[in-house]
DNA sequence: TATGAATGAGGATTCATTCAT
DNA sequence: GATGAATGAATCCTCATTCAT
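Residue numbers (this note's numbering), protein chains in the order written: chain Y, 2 to 213; chain D, 2 to 213; chain S, 2 to 213; chain W, 2 to 213.
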């Protein structure tokens, strides 16, 4: 039973309060430890009120995911890369991703956790990863056809692998708090990526080219 | 409290039966769903017997991890790489890793899950990753000093990132069942790795070989 | 954690029903034998309801103690002793005490039992006894200064000892069912008390009465 | 099933070890908390061995009681009171009792506890108290007939009450650790006792009698 | 006799969810 | 819509006791 979109203004407010409270509680307690009554307590409503809007913990979690996705999929454009400088594009994408990750680290950890716990969320995430990889695989394919990327790598696998590299490293740094210089992170990830595909790296770290 | 080593042969048998049963149950039900009584039922012993050997679910899981680690850390030597051919070494390591992963896919998924659920296991895994990365970082440093690897990457970050790439891709393939040609997997991962460090073919960073 | 005062009338009723049921069950089964589910069954509520109001058996027992204390500390005034006739005062106090004891014999036995089982209740009882003895010790001291009580007894020890005498004898009679004529009990206890302090009849320590 | 008296020398040793261990464990943990396996562990035998000698915790406790009673009922004679000086007799008895109590305080607390828990022990103790009181009642009766004790007290009640006074005060002092000067204790208890019966107190605390 | 592994009954407790007010 | 008391299913875990070795 999906909740009917709240009809009244009061209902809308209550629903929003529950979502906000749920995010607080989930980030504080983790998905498993969080109890419905923690959420209602945090929201300042009676426990029964929860069920006016959601069927269970998973459903309110989905609502949070949806809200955040809205944010993370349409980030305010912060960098614009001109032309066809792939390396710069990758660098920009990585910087943007790592910034967003850092800002939402607790939530990202939560996504990881829930994906491990709830098969529905696992599938959701798998599909997102797949879609993303397919887009990137197309890019890689084109670059290979244009002779600008190593033709020896399988585009889809490479797309998955490089996404995994960035995503998992971000996870390790922020969530598992591996001690790593965060300054160097974006640069090195980008360089690894560019190298991995044998893109012309000239523009990322301009070689000490030309004569002095 | 760690379980005292069983003193009799019978006890040893029962303990082993419990561990085997636990593995079956965990793989079938997942860590969260598994109940202690599922394990004892599977092992064919009374429920109380469990507590003769383990304090709780987490502890028997740790025993499983330990047993598997024994297996995965001392794999039968399958490939031997001669000399200082780093690319071949990496290729061999990747092949070996992916093979082991494939053989223990369900268990590896379980490890991921439990690491998400139990902070102690999370920490355990973090430390293992850290140790592994540090070893690889040393290798990368050496190669950089020898002019055989891209000096532009941070060794420790690269080590983490490349491990993450391989580990997470293996996870995606086997556990999340991304549809990817498993044949091409090892080759592409190795190539990405080698490229990422600019190790290959002597052309990028020509070994300080022959005369100038 | 102390239970929050029930907020609704219904809650108040349920809580009271649980306390009443607990008293019945405790008196019937004893503290150790009583199970939480006996109490809820007696109260006619679901087992989980217990935990809405109490953390455990000990806490509901404390609530009973409190309720009874309310009763025993503010007894309806039955006897009023005029002036400074200490012997009459003691007699009245003893009669009142023994009457209350008889009326709550089962519960008093329960208090003894729980004090033996739960350190918190033991301490509670110890403190009550100490406070009571200190009050009586002051009285005895005064009487000694006035030459109306044997100066050879230590006031505090005597206060403890005489309380113990009355309290323990009441216990023996009612709880352990020693076969003793209950009529004579109050008289003899009072006489022992008065004698013990040499208060009586003015003959032992003649009040500083008439002219020398 | 009562244990057959152990037949072999080894058996006798094991049984004694169990009793000694039980006393240690009971004093350390209390009767309720003590587990059979604690006792066997303390005795250094296997848990099953317990049942070769005892049916359960209560039975080994009974064995301890028996052993101690042996000690406390036939104390080495430390004071001998000549003639018919009742007050001196009482003083000696009290001193002896308090000394024994102090020496076995933990065990006495245990007896109290178990009497509250196990009806059989409660009855046992009741009977002992009754027998003791009856003996004392006879003494009091005789003294009354001889005009040496207050005829206004009921002999049996007084016997119970005065025993209760001494016993319970000892309990309070040693077990509940009321803060009381232990030096004054025996003197005051004896004086209260003597006073209570209006015995001639001359010999206990010699009155500053006759002219100098 | 001694061992110690195995047994399994038994009760506490949590918390998602319902529903009368 | 909101409330919050009531529900009760579902597992965990202990430990006295047995019995094969």
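We treat Cβ as the ideally placed atom computed from N, Cα and C, and that holds for glycine.
CA nearest to the CA of residue 140 of chain D, picked from D:67, D:91, D:45 | Residue numbering aside, residue 140 of chain D sits at position 139 when the second chain is read from its first letter. The shortest C-alpha separation from residue 140 of chain D is found at D:91.
Which residues, in order along the segment 98-122 of chain Y, keep a beta-carbon less than 9 angstroms from a beta-carbon of chain D?
-> 110, 113, 114, 115, 116, 117, 118
Shorter than 8 angstroms from the beta carbon of residue 141 of chain D to some beta carbon of chain Y?
-> Here residue 141 of chain D is taken as the residue at index 140 of the second chain, counted from 1. No, its Cβ sits nowhere closer than 8 angstroms to a Cβ of chain Y.
Apart from the five residues on each side of it in sequence, which residues of its chain come closer than 8 angstroms, Cβ to Cβ, to residue 2 of chain W?
-> For the purposes of this step, residue 2 of chain W is taken as residue 1 along the fourth chain, with counting starting at 1. Here the model assigns residue 2 of chain W a pLDDT of 44, short of 50, so the residue's position is not dependable and the matter cannot be decided.
Distance, Cα to Cα, residue 174 of chain D vs residue 29 of chain W?
-> By 1-based counting over the second chain, the position of residue 174 of chain D is 173. By 1-based counting over the fourth chain, the position of residue 29 of chain W is 28. Approximately 59 angstroms, taken between the alpha carbons.
Can at least three beta-carbon pairs, one atom from the segment 149-162 of chain S and one from the segment 174-192 of chain W, be found at a separation below 8 angstroms?
-> yes
Give the DSSP-derived three-state secondary structure of residue 153 of chain W in the structure shown.
-> One-based indexing of the fourth chain puts residue 153 of chain W at position 152. DSSP places residue 153 of chain W in coil when its eight states are reduced to three.
Tell me, please, whether the segment 108-124 of chain S touches the segment 109-122 of chain W by the rule of three or more beta-carbon pairs shorter than 8 angstroms.
-> yes
Can you list, in chain order, the residues of its chain whose CB lies under 7 angstroms from that of residue 213 of chain D, leaving out five sequence neighbours each side?
-> For the purposes of this step, residue 213 of chain D is identified with residue 212 of the second chain, where counting begins at 1. Bear in mind that a pLDDT of 31 at residue 213 of chain D, under 50, signals an unreliable position, so the model cannot answer this.
Would you mind stating whether residue 176 of chain D and residue 190 of chain D have Cβ atoms separated by less than 8 angstroms?
-> In the second chain, the residue the question calls residue 176 of chain D occupies position 175. In the second chain, the residue the question calls residue 190 of chain D occupies position 189. No, they are not a contact pair.
Using 8 angstroms as the threshold, is the segment 128-142 of chain W in touch with the segment 156-165 of chain W, meaning 3 or more CB pairs across them?
-> yes
Tell me the start and end of each unbroken alpha helix (DSSP H) in the segment 14-52 of chain S that is at least 4 residues and wholly inside, in chain order.
-> 37-44
Please go through the same chain and pick out, in chain order, the residues whose beta-carbon is closer than 7 angstroms to the beta-carbon of residue 202 of chain S, but skip the five residues on each side of it.
-> By 1-based counting over the third chain, the position of residue 202 of chain S is 201. Here residue 202 of chain S scores only 47 on pLDDT, less than 50, and its place in the model is too uncertain to base an answer on.
What is the DSSP secondary structure of residue 200 of chain S, reduced to helix, strand or coil?
-> On the third chain, residue 200 of chain S is found 199 positions in, with the first residue counted as 1. In this structure, residue 200 of chain S counts as coil in the three-state DSSP scheme.
Contact set between residue 10 of chain S and chain W, taken where Cβ atoms lie within less than 9 angstroms | The sequence position of residue 10 of chain S within the third chain is 9, counting from 1. The contacting residues do not exist; residue 10 of chain S stays about 38 angstroms from chain W at best.
Boundaries (first-last residue) of the alpha helix (DSSP H) holding residue 122 of chain W | The residue you call residue 122 of chain W lines up with position 121 of the fourth chain. Per DSSP, residue 122 of chain W belongs to the alpha helix (DSSP H) from 120-146.
Reference residue 195 of chain Y; option with closest CA among Y:94, Y:37, Y:26, Y:54 = Position 194 of the first chain, counted from the first residue, corresponds to residue 195 of chain Y. For residue 195 of chain Y, the nearest C-alpha among the options comes from Y:94.
Cross-chain neighbours of residue 154 of chain D in chain Y, by beta carbon under 8 angstroms | The residue given as residue 154 of chain D occupies position 153 in the second chain. By Cβ distance, chain Y contributes 189, 192, 193, 196.
Local Cβ density within 10 Å of residue 276 of chain S, reported as buried at 16 or more and exposed below that | This structure gives no information on residue 276 of chain S, because the portion of chain S shown stretches from 2 to 213.
With a cut-off of 8 angstroms on the beta carbons, I'd call residue 20 of chain W and residue 68 of chain W a contact; round off their distance for me.
-> Translated into the one-based positions of the fourth chain, residue 20 of chain W becomes position 19. Translated into the one-based positions of the fourth chain, residue 68 of chain W becomes position 67. The Cβ separation is near 7 angstroms, so the contact holds.
Three-way DSSP call (helix, strand, coil) for residue 180 of chain Y in this model | The residue labelled residue 180 of chain Y in the question sits at position 179 within the first chain. Three-state result, residue 180 of chain Y: coil.
Terminal residues of the continuous alpha helix (DSSP H) containing residue 100 of chain Y?
-> The residue given as residue 100 of chain Y occupies position 99 in the first chain. Residues 87-104.
Report the neighbours of residue 130 of chain W on chain S: residues whose CB is nearer than 9 angstroms to its CB, in chain order.
-> As a first step, residue 130 of chain W is located in the fourth chain; it is residue number 129 there, counting from the start. Those within 9 angstroms of residue 130 of chain W in chain S are 173, 177, 179.
Applying a beta-carbon distance threshold of less than 8 angstroms, which residues of chain W neighbour residue 151 of chain S?
-> On the third chain, residue 151 of chain S is found 150 positions in, with the first residue counted as 1. The contacting residues are 192, 196.
From W:121, W:11, W:145, W:27, residue whose alpha carbon lies closest to that of residue 107 of chain W = Position 106 of the fourth chain, counting from 1, holds the residue named residue 107 of chain W. Out of W:121, W:11, W:145, W:27, W:27 has the C-alpha closest to the C-alpha of residue 107 of chain W.
Apart from the five residues just before and just after residue 15 of chain S, which ones in its own chain have a Cβ nearer than 8 angstroms to its Cβ?
-> Walking along the third chain from the start, residue 15 of chain S turns up at place 14. 7, 44, 46, 50, 53, 54, listed in sequence order.
Just mark residue 9 of chain W as buried or exposed, buried being the case when its beta carbon has 16 or more other beta carbons within 10 Å.
-> By one-based count along the fourth chain, residue 9 of chain W stands at place 8. Exposed is the call here.
Spatial distance of residue 36 of chain D from residue 61 of chain D (CA atoms) | For the purposes of this step, residue 36 of chain D is taken as residue 35 along the second chain, with counting starting at 1. For the purposes of this step, residue 61 of chain D is taken as residue 60 along the second chain, with counting starting at 1. The straight-line gap from Cα to Cα measures roughly 12 angstroms.
Quick one: measure Cβ to Cβ for residue 193 of chain W and residue 150 of chain W, integer angstroms, because I've assumed they're closer than 8 angstroms.
-> Translated into positions along the fourth chain, residue 193 of chain W becomes position 192. Translated into positions along the fourth chain, residue 150 of chain W becomes position 149. About 14 angstroms; that fails the 8 angstroms criterion.
Just by C-beta distance, which residues in the segment 10-27 of chain D are closer than 9 angstroms to chain Y?
-> none
Taking DSSP as the reference, what is the three-state secondary structure of residue 57 of chain D?
-> Residue numbering aside, residue 57 of chain D sits at position 56 when the second chain is read from its first letter. Three-state result, residue 57 of chain D: coil.
Check whether residue 131 of chain S and residue 178 of chain W have beta carbons under 8 angstroms apart | Indexing the third chain from 1 puts residue 131 of chain S at position 130. Indexing the fourth chain from 1 puts residue 178 of chain W at position 177. No, Cβ-Cβ distance for residue 131 of chain S and residue 178 of chain W is not below 8 angstroms.
Where residue 214 of chain D falls: helix, strand or coil (DSSP) = Coverage of chain D is limited to positions 2 through 213, which leaves residue 214 of chain D absent and any answer about it impossible.
Along chain D, which residues have their Cβ under 7 angstroms away from the Cβ of residue 186 of chain Y?
-> Counting from one through the first chain, the residue named residue 186 of chain Y turns up at place 185. Chain D residues near residue 186 of chain Y: 158.
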